[in-house]
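Q:
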Amino acid sequence: MVPKNKKIKYKFEPQGKTINTTLSESHATVHTYPEHGYIYTELMTCGDIDTKEFITGMLEHFQPVFGTLRILDRSYE
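For the sequence shown, my numbering begins at 13 and goes up steadily by one.
1) Name the residue from Ile-61, Thr-44 and Thr-68 whose alpha carbon lies nearest to the alpha carbon of Glu-25.
2) Within 10 Å of its beta-carbon, does Leu-35 have 16 or more other beta-carbons around it, so buried, or fewer, so exposed?
3) Nearest to Thr-41 by alpha carbon, out of Phe-66, Glu-72, Phe-78 and Arg-86?
4) Return the residue from the list Gln-75, Gly-49 and Ile-20 that minimises the CA-CA distance to Ile-31.
5) Within its chain, find whatever has a CB closer than 7 Å to the CB of Gln-27; leave out the 5 residues flanking it on each side and keep chain order.
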């Protein structure tokens, strides 16, 4: 999972952010909703990668009290 230095950031008023980073395999997106204490992250990949690094990084950075993890296999095979 290699960042390609294609990052789009948008700050909402009065609060919240969306950040999208283009990766060599696809993209990662983070949406924050501070007024609800909520963060939505998405990692889409068309490569065969270990997603644990992304998940661990998100958990270490945001330190959530609880959460839901959903892994969807959207392969065409």
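Even glycine gets a Cβ: it sits at the ideal position worked out from N, Cα and C. Small disclaimer: the values here were computed from a predicted structure and weren't measured.
A: By the coordinates alone:
1) Thr-44
2) buried
3) Phe-66
4) Considering only Gln-75, Gly-49 and Ile-20, the residue with the shortest C-alpha distance to Ile-31 is Ile-20.
5) Residues of the same chain with a CB within less than 7 Å of the CB of Gln-27, apart from the 5 flanking positions on each side, are Pro-46 and Glu-47 in chain order.
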